[in-house]
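Before any comments, here is the structure.
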Amino acid sequence: MVEIEKSPHLPAAAFAIFVATGLTACGGGSESTSITPIVSAQQACDSLGGKSVGGATVTAATIVGATATVPAYCKISATISPSLNLELDLPNNWNGKLVYEGGGGYDGSIQGVVYSPGVLGGGYAVVQSNGGHIGAPLDASFASDPHLASLFGSGSVPTAAAAAKEMLKFAYGNVPQRSYYEGCSNGGREGLMAAQRNPDLFDGVIARAPAYNWTGTMGMFNRMAKALGGAGAAFTHGKVATLATAVRSACDGNDGAVDGVVSNPSACHFDPNALRCPNGADSGDSCLSDPQLAVVTSWTTSASFGNGAYVSPGWALSGNEDDPGSWATWLTGSTGNGSNGLQNLLQDTTVKNYLVRDPNANSLAYDWNSNPEAILALGALNDATDTNLTPFKNTGAKLILWHGTSDSALTYRATTAYYEGLKTAMGGQTATDSFVRYYLAPGVNHCIGGAGADTVDLVSALDNWVTQGIDPGQPIAAKLNTDGSLLFTRPLCKYPQYPRYTGPANDANAAKDASNYTCTTP
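With numbering that gives the first Met the number 0, the residue at position 107 of the sequence shown is 106, and numbering never jumps.
As structure tokens, this is what we get:
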């Protein structure tokens, strides 16, 4: 179990963050009438070891020792035939609530990331799964099996959640009083899928940077891979830095503070043509050639696939393209031409295993409009685009959307489009506000990392909203050093607002404090 505030920024983390049943709305009772037995983590391990509960066979039950940030807990490993593996972490002094943490990429393993800090320490039980198959986050070869493809698409979360609730009942005598979901990237997609298709499964869902538009996203990844693979289109690290520096210079101050973070992205109108090399011919890292400018145009403009049925809105230039977890990880890769960028690797396995069904296919030669039936089948399995959440709302459940503005895997513009669609489908702003909050996280990369404040406890905000009716308001996000020390804080603002610095002028210490920022409408 890795709590995100202490997670190192490793390639495996980048992969992960590309990414039932209950008596009431996933809960099993009321906090005022249900008493959670006092069962230690050791007792929970002892009771579940070697058992078959809720369709899952427990393969291991071990105590994991405490760390500086995570208390000791019982780790239950279990399998639901044929290959749905899950991990259920049981703390001392269980608070009667369950948090399901989603996966990333194409799953295949239990990735062990908890995005909200302090979840186990707060007494929550935590469950995660491998999405129904054994593999790697960049490998979709499981999709040749219709059952495994269905589990990855939408079936693994309700199946694993039901088993986890039965195991909690076996160990503690009660099903959870409340059940929540939190995930990022594919994990965010899984959360929205649950809200849409299993509206009574969770009392609340936190969907961070959700890859809900799976088909449009993979099509856009394919488009970008083709653009970067063109003659003269590759980016050196120096060219990426030139682009990012120019965007920051043009847009950083629009939020009241020059701090390396573009916090007011809607006011950023930088024209990349200002960086054009003389006559458009490559003449070094200080400018962009015409083929490189074409890559930027592909990056920032929308694209449609499947005869217009699937759309990706493209990315905004963030000013953090030169961060190691940004373009170098997702777009250009270490080669500069995108060959080992995660976008290319993900679209490649998607084309080979979902669309062409040929492991030797050349994904860069594949026309995403050549087989509408294949794209439709991919969308039916993996897309979570339904904006009519009336059944979910009617259970009393709540939804929190979150997205980093420097995300180079999944564009925040897509989450904004989903939120705007929600408002239309649900009858306007007031109706949507009754159960949805959407926050942009300025300067944050894909799920974690970047120049912005990437650590925020949304589970507590969701729980307080569900159980006490306390509006999430403006949660305080933090940026932590590698040793866990605090660097600075920022408020998260309800979309479309952004955090504008309104503190003392020329005061570096004041600029580190969230209290000196005001959520402002652009």
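Note that beta-carbon positions come from the ideal geometry of N, C-alpha and C, so glycine has one too.
Since the structure is predicted, the reported quantities are computational estimates derived from the model, not experimental observations.
Nearest candidate by alpha-carbon position, reference residue i, set the options
i, options, result
"Asp470", "Val458, Gly448, Ala450", "Val458"
"Phe304", "Trp213, Gln428, Ala293", "Trp213"
"Ser369", "Pro175, Arg275, Gly218", "Gly218"
"Thr394", "Asn253, Leu200, Ala160", "Leu200"
"Ser362", "Met223, Ser108, Gly95", "Met223"
"Ser333", "Thr501, Asn306, Ala233, Gly472", "Ala233"
"Asn343", "Leu354, Asp357, Thr328", "Thr328"
"Ala67", "Asn339, Pro312, Asp482, Met425", "Asp482"
"Ser128", "Gly337, Tyr180, Leu242", "Tyr180"
"Ala77", "Ala60, Asn92, Trp93", "Ala60"
"Gly426", "Leu398, Thr386, Glu320, Leu461", "Thr386"
"Val443", "Gly324, Asp382, Ser338", "Gly324"
"Ala170", "Cys73, Thr519, Ser282, Glu320", "Cys73"
"Ile374", "Thr389, Asn352, Pro358, Ala364", "Asn352"
"Asp289", "Trp298, Thr384, Pro277, Thr300", "Pro277"
"Pro157", "Leu137, Pro136, Leu191", "Leu191"
"His132", "Ala160, Glu165, Ile79", "Ile79"
"Ser297", "Tyr494, Pro271, Asn319, Gly307", "Pro271"
"Gly186", "Lys168, Pro209, Pro175", "Pro209"
"Gly95", "Gly335, Asn173, Thr58, Thr384", "Asn173"
"Leu47", "Ile75, Ser39, Thr300", "Ile75"
"Phe220", "Gly111, Gln41, Thr349", "Thr349"
"Glu165", "Thr466, Pro490, Gly54, Thr414", "Gly54"
"Glu320", "Ala245, Leu421, Gln346", "Ala245"
"Leu167", "Tyr497, Pro136, Ala43", "Ala43"
Residue range of the unbroken alpha helix (DSSP H) whose run includes residue i
i, result
"Asp432", "428–432"
"Tyr523", "Outside the modelled stretch of the chain, which goes from 0 to 521, sits residue 523, for which no answer is possible."
"Val156", "155–171"
"Val246", "236–250"
"Arg222", "213–227"
"Leu292", "289–299"
"Ala379", "371–381"
"Pro145", "145–149"
"Thr328", "326–329"
Classification of residue i by the beta-carbon crowding that lies within 10 angstroms, buried from 16 upward
i, result
"Asp506", "exposed"
"Ser31", "Any reading at Ser31 must be qualified, since the residue scores a pLDDT of 38, below 50, and its modelled position is unreliable; no value is offered."
"Tyr516", "buried"
"His268", "exposed"
"Pro503", "exposed"
"His146", "exposed"
"Ala510", "buried"
"Ser153", "buried"
"Pro312", "buried"
"Thr501", "exposed"
"Asn508", "exposed"
"Ser514", "exposed"
"Glu372", "exposed"
"Val535", "There is simply no residue 535 to check, as the chain begins at 0 and stops at 521 in what is shown."
"Gly307", "exposed"
"Gly468", "exposed"
"Asp357", "exposed"
"Val399", "For the sequence presented, residue 399 should be read as Ile rather than Val. With 16 or more other Cβ atoms within 10 Å, it is buried."
"Ala226", "buried"
"Gly103", "buried"
"Ser530", "A question about residue 530 goes unanswered here, because the residues of the chain that appear run from 0 up to 521."
Residue j beta carbon less than 9 angstroms from that of residue i
i, j, result
"Asp453", "Ser115", "no"
"Leu119", "Pro81", "no"
"Gly130", "Leu83", "yes"
"Ser405", "Pro441", "yes"
"Val310", "Ala302", "yes"
"Asp322", "Ala476", "no"
"Ala139", "Leu97", "no"
"Tyr418", "Thr431", "yes"
"Trp326", "Ile205", "no"
"Arg188", "Gly101", "yes"
"Ala460", "Phe434", "no"
"Leu354", "Leu377", "yes"
"Leu439", "Tyr494", "yes"
Where the beta strand (DSSP E) through residue i begins and ends
i, result
"Gln127", "124–128"
"His402", "397–403"
"Ile475", "475–479"
"Phe391", "Here Phe391 belongs to no beta strand (DSSP E); instead the alpha helix (DSSP H) covers 389–393."
"Thr501", "Per DSSP, Thr501 belongs to no beta strand (DSSP E) and is neither H nor E."
"Gly203", "203–209"
"Gly182", "177–184"
"Leu486", "485–490"
Residue i beta carbon near the ligand NAD (any heavy atom closer than 8 angstroms)
i, result
"Pro175", "For the structure depicted, the ligand NAD is absent and the ligand set is empty, with no information on it obtainable."
Closer than 9 angstroms to chain C by CB, residue i
i, result
"Ser153", "Absent from the structure is chain C; it holds one protein chain and no more."
Which runs of the beta strand (DSSP E) fall wholly inside the region 404–460 and span at least 3 residues, in chain order? The beta strand (DSSP E) runs of length 3 or more contained entirely in the region 404–460 are, from start to end of the chain, 435–440.
Which runs of the beta strand (DSSP E) fall wholly inside the region 66–131 and span at least 3 residues, in chain order? Whole beta strand (DSSP E) segments, 3+ residues: 72–79, 83–90, 96–100, 124–128.
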